[in-house]
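These protein sequence lines are chains A and B, in that order.
Numbered as in my numbering, the first sequence ends at 184 without a single skipped number.
Numbered as in my numbering, the second sequence ends at 1151 without a single skipped number.
Ideal Cβ positions, reconstructed from N, Cα and C, are used throughout, including at glycine.
Below: the structure, in structure tokens.
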Amino acid sequence: MKVNILKEAVKYFVKPATVPFPAVQPHFPKKFRGPPRYDPETCIGCEACARVCPSDAITVTIKDGKKILEVWFGKCTFCARCEEACPVGSIKLMEIYGMPSPNKFDFVSRVEHDMVKCRICGKYFATVKHVEWIIKNIREKIGETVSISELKNYLMICPECRHKVENIPSLKKLLMRVLVKEVK
Amino acid sequence: MCGLLCKLAAWARKKSPWIFHLPAGGLCNGCDIEIVAALTPRYDVERFGILLAPSPRHADILVVAGQVTKHTRERLLRVYQQVPEPKVVVAVGSCAISGNVFGTENYPLAGTVDQFIPVDVYVPGCPPKPEAIILGIVEAIKKLEEKTRKS
């Protein structure tokens, strides 16, 4: 600890303390938290980041069958809660500093997703990539017992309609098969 | 009479703008510390001619950090009126831009900076790096030049 302080002190006699900033890139310390950015290729549009954001910097808008996730780092605290919550590691706090701008709505990173319709009520409720991700995870857990088309049939139903699943015989059978497999 | 003197004043204003730093109440002082860090020898804005003015009457650029509280609203407006024309306002940090975690409907807060005075440059960050503040002030100098030309 003390050696480090001495090193810093000696530096002042060796070279100027001033960082020649516009000429050299700024120094970013370890675990530096800069503005958050989405990676549009890996993002699945699950809204986990929007739910944990303490300052409501991440907004979700659903319009014409598209879901738009938008992080405005003019309102961000750079707490990295979104990075922790993201299940696929898509949103990351970058090692950059925010560039000043005359327009305050320039500080935005956004992703757009296609959505799927509910099979029964026809309401948009989840993104295509989210459903694919869930299918992939379920297949990893329970193996090949249920085919992809069967799973898709089940997952293409919105949560509200899913509550009435007992009224639909084919879905009830599927659910039973999955549950029985889990018990074994 | 004004011709040569005005040109000289415009040149001096561009080469050495003086800034006045005003914390507008509702903030954690993180942005203030970063602004002070930009003035210290490590970042040394004085090599660009930028100088911290002791009074708003001497300043060209007003650097505001933080959200406006009900108490500081009057002071902010008075300080803004005291800065001579042409003047440029730089809003530093997330609080000055949008209110950050404090929101806009909190009981001691009056609103964001741009609801009371016109803001020319926004510097994002919580707090912004001193490098970003330096770039923000450089952007403000460009705005100052434009305003000088107009007037």
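When DSSP states are grouped into helix, strand and coil, residue 170 (chain A) belongs to the helix group. For the options A:87, A:80, A:148 and A:102, the alpha carbon positioned closest to that of residue 94 (chain A) is the one of A:80. Residue 174 (chain A) has its alpha-carbon roughly 10 Å from the corresponding atom of residue 145 (chain A).
In this structure, residue 1108 (chain B) lies near residue 1070 (chain B), with their beta-carbon atoms less than 8 Å apart. Interface annotation for the stretch 91-107 of chain A against chain B: 97, 98, 99, 100, 101, 102, 103, 104, 106 and 107, criterion Cβ-Cβ distance under 9 Å. Between the stretch 1081-1101 of chain B and the stretch 1038-1051 of chain B there are fewer than three C-beta pairs closer than 8 Å, too few to call the two in contact. Taking the beta carbon of residue 55 (chain A) as reference, the chain B residues within 7 Å of it are 1100 and 1101, listed in sequence order. Counting the other Cβ atoms within 10 Å of the Cβ of residue 12 (chain A) gives fewer than 16, which makes it exposed. Residue 48 (chain A) is a Cβ neighbour of residue 85 (chain A), given a cutoff of 8 Å. Interface annotation for the stretch 68-82 of chain A against chain B: 73, 74, 75, 76, 77 and 78, criterion Cβ-Cβ distance under 7 Å. Of all alpha-carbon atoms in B:1027, B:1031 and B:1101, the one lying nearest the alpha-carbon of residue 54 (chain A) is that of B:1101. In its chain, beyond the 5 residues on either side, 124, 125, 126, 127, 128, 131 and 156 have a beta carbon closer than 8 Å to the beta carbon of residue 116 (chain A). Assigned with DSSP and collapsed to three states, residue 73 (chain A) falls in coil, not helix or strand. Here DSSP, grouped into helix, strand and coil, assigns residue 131 (chain A) to helix. Taking 8 Å as the cut-off, the beta carbon of residue 50 (chain A) is found no closer than this to the beta carbon of residue 72 (chain A).
Here residue 1124 (chain B) is buried, its C-beta having at least 16 other C-beta atoms within 10 Å. Residue 1021 (chain B) has its alpha-carbon roughly 12 Å from the corresponding atom of residue 1057 (chain B).
Around residue 13 (chain A), no beta-carbon contact reaches into chain B at under 7 Å, the shortest distance being about 14 Å.
Flagged as an interface residue toward chain B: residue 19 (chain A), by a C-beta distance shorter than 8 Å. Contact between the stretch 1053-1067 of chain B and the stretch 25-38 of chain A is not established, with fewer than three Cβ pairs separated by less than 8 Å. Ranking B:1048, B:1119, B:1096 and B:1120 by CA distance to the CA of residue 1110 (chain B) puts B:1096 first.
CA-to-CA, the gap between residue 1002 (chain B) and residue 1009 (chain B) works out to about 10 Å. Residue 14 (chain A) carries a helical assignment under DSSP once its states are collapsed to helix, strand and coil.
The Cβ of residue 159 (chain A) sits no closer than 8 Å to any Cβ of chain B. If you draw a 10 Å sphere on the C-beta of residue 89 (chain A), you find fewer than 16 other C-beta atoms in it, and that means exposed. In this structure, residue 1066 (chain B) keeps its C-beta atom at 8 Å or more from the C-beta atom of residue 1004 (chain B). Proximity to residue 40 (chain A) across A:162, A:66, A:52 and A:113 peaks at A:113, based on C-alpha coordinates. Assigned with DSSP and collapsed to three states, residue 1021 (chain B) falls in strand. Contact annotation: in the stretch 35-46 of chain A, residues whose CB is within less than 8 Å of a CB in chain B are 35. Judged by their CB atoms, residue 1118 (chain B) and residue 1030 (chain B) are not nearer to each other than the 8 Å cut-off.
Residue pairing by DSSP places residue 63 (chain A) opposite A:66 in a beta bridge. In terms of Cα proximity to residue 1053 (chain B), the closest of B:1034, B:1074 and B:1079 is B:1079. Residue environment analysis places residue 30 (chain A) among the exposed positions, since fewer than 16 neighbouring C-beta atoms fall within 10 angstroms of its C-beta. In this model, residue 101 (chain A) and residue 43 (chain A) are separated by some 27 Å (Cα to Cα).
Identification of residues in the stretch 1115-1139 of chain B having a C-beta nearer than 7 Å to some C-beta of chain A yields 1120, 1121, 1122, 1123, 1124, 1125, 1126, 1128, 1129, 1131, 1132, 1134, 1135, 1136 and 1139, given in sequence order. The three-state secondary structure of residue 154 (chain A), taken from DSSP, is helix.
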